[in-house]
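Participant: Per the numbering used here, the sequence shown starts with residue 4, numbered consecutively. Using N, Cα and C, we set each Cβ at its ideal position, and we do this for glycine too. Here it is: the structure, laid out below.
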Amino acid sequence: MYPELFTFDLPVFLSNLLGVKHVTVYSYAFLIALGTLAAAIYTRWSAKRELGITNISNTFFYLIFIAGFVGGKLFFYLQDPLLYTQNPGLMSDNFSGGFVFYGSFVVIIPYIIWYLKKQKIPVLPMLDIFAITTTIVHSIGRLGCFSAGCCYGAPTTGSSGLIFPTTHGASVHPTQLYEVLLLVCIMLTLLMVKKHKQFNGQVFLIYLMLYALGRGILEFFRGDDRGFIIENVLSHSQFIGLCLISISAYFYYKYYKQTDLKTINI
4 MYPELFTFDL
14 PVFLSNLLGV
24 KHVTVYSYAF
34 LIALGTLAAA
44 IYTRWSAKRE
54 LGITNISNTF
64 FYLIFIAGFV
74 GGKLFFYLQD
84 PLLYTQNPGL
94 MSDNFSGGFV
104 FYGSFVVIIP
114 YIIWYLKKQK
124 IPVLPMLDIF
134 AITTTIVHSI
144 GRLGCFSAGC
154 CYGAPTTGSS
164 GLIFPTTHGA
174 SVHPTQLYEV
184 LLLVCIMLTL
194 LMVKKHKQFN
204 GQVFLIYLML
214 YALGRGILEF
224 FRGDDRGFII
234 ENVLSHSQFI
244 GLCLISISAY
254 FYYKYYKQTD
264 LKTINI
């Protein structure tokens with residue numbers, strides 16, 4: 004695990020201007036940025052190839068990054084609001100880890116839908132593309148979690164156990180890597196579904212259900228403090244996942260039963 008990728012010294016004039024002598028590049032932030040770049044490239048390529056869309060601005064992707072950052076951090080703080088209210092200084096460590104995926108997700112999706120409608124771009128076909136885009140950025144981001152030592156698993160004596168700097172010498176499940184494997188499997192499944200999809204939005208809805216199910220199972224192996232709706236029974240992520248599965252199943256059934264399935268286009 005390498006939480007810090009590298010550190011470099013600023014030139015004297017910048018150091019004097021900013022009041023900072025050294026800048027540390029964290030593995031977590033670097034991998035999140037790398038995942039975002041890869042996802043943006045895939046989105047542009049797919050939108051042009053599949054839908055003939057070429058008018059997606061760079062600003063759109065910048066704002067997705069910002070929305071994801073804000074939503075992920077906000078939900079992270081909300082897991083233990085009293086802690087951060089009493090210790091606001093803890094909120095300054097914003098680049099070495101500490102994000103909640105569902106927090107980013109629930110902020111990004113409304114923004115994406117708003118933007119697509121504003122630009123008169125079909126929403127559901129683009130959401131099908133974004134489903135695969137999400138698995139790209141998320142899987143690379145989880146490698147960032149692995150590097151930072153956050154989002155680790157419960158203690159284990161199994162051969163898969165690893166010791167992270169944040170686990171105080173205890174061997175734990177590397178749930179970050181479990182989730183990377185889950186996301187790659189979901190990505191491959193979505194790519195197969197995409198070739199034979201029956202209606203627009205199908206890939207996105209399947210993604211929501213598959214990830215929510217997989218994440219719900221992974222939560223049983225998590226060992227970090229992430230907050231519970233019902234203490235030690237139902238975590239925040241599991242609760243959100245159950246809501247997403249219910250909503251997605253409803254819309255899947257609704258769209259599937261449409262008379263002319265392929266005309267569904269929002």
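1) Go through its chain and collect everything with a Cβ distance to residue 67's Cβ below 6 Å, but skip five positions before and after it.
2) Helix, strand or coil: which one does DSSP assign to residue 25?
3) For residue 73 and residue 196, what's the separation of their Cα atoms in angstroms?
4) For residue 264, does the three-state DSSP call read helix, strand or coil?
5) Once DSSP output is grouped into helix, strand and coil, what is the label at residue 230?
6) Is it buried or exposed, residue 104, if we count other Cβ atoms within 10 angstroms and call 16 or more buried?
7) Residue 159 by DSSP, collapsed to three states: which one?
8) For residue 225 and residue 186, which I take to be in contact (beta-carbon distance under 8 Å), what is that distance rounded to the nearest angstrom?
9) In angstroms, rounded to a whole number, what distance separates the CA positions of residue 207 and residue 32?
10) Quick one: using the 10 Å Cβ neighbour count with 16 as the cut-off for buried, is residue 203 buried or exposed?
11) Please name the residue in 60, 261, 200, 222 whose C-alpha comes closest to that of residue 115.
12) Which residues bound the alpha helix (DSSP H) around residue 11?
13) Residue 9: which of 148, 15, 29 sits nearest, CA to CA?
14) Thinking residue 243 and residue 216 are a contact (beta carbons under 8 Å), I'd like their distance in whole angstroms, please.
15) Taking one C-beta from the region 143-161 and one from the region 173-188 each time, how about it: are there three or more such pairs within less than 8 Å?
16) How many angstroms separate the CA atom of residue 281 from the CA atom of residue 135?
17) Just to check my reading of the structure: residue 184 and residue 149 have Cβ atoms closer than 8 Å, yes? What is that Cβ distance to the nearest angstrom?
Facilitator: On the basis of the coordinates in this document:
1) 111
2) strand
3) 32 Å
4) Confidence at residue 264 is low in this model, with a pLDDT of 48, below 50, so the placement of that residue is unreliable and no value is reported for it.
5) coil
6) buried
7) Secondary structure of residue 159 (DSSP, three-state): coil.
8) That belief does not hold up - the Cβ atoms of residue 225 and residue 186 are roughly 16 Å apart, past 8 Å.
9) When rounded, the distance between both Cα atoms is 26 Å.
10) buried
11) 60
12) Where residue 11 is concerned, there is no enclosing alpha helix (DSSP H), although the beta strand (DSSP E) it sits in stretches over 7-12.
13) Nearest to residue 9 by C-alpha distance, out of 148, 15, 29, is 29.
14) In fact, because the Cβ distance is near 12 Å, the residues do not count as touching under 8 Å.
15) A contact is defined here as three or more CB-CB pairs under 8 Å, and the region 143-161 meets this definition with respect to the region 173-188.
16) In this structure the chain extends from 4 to 269, so residue 281 is not present and cannot be described.
17) Going by Cβ atoms, the distance from residue 184 to residue 149 rounds to 12 Å, so no, they are not a contact pair.
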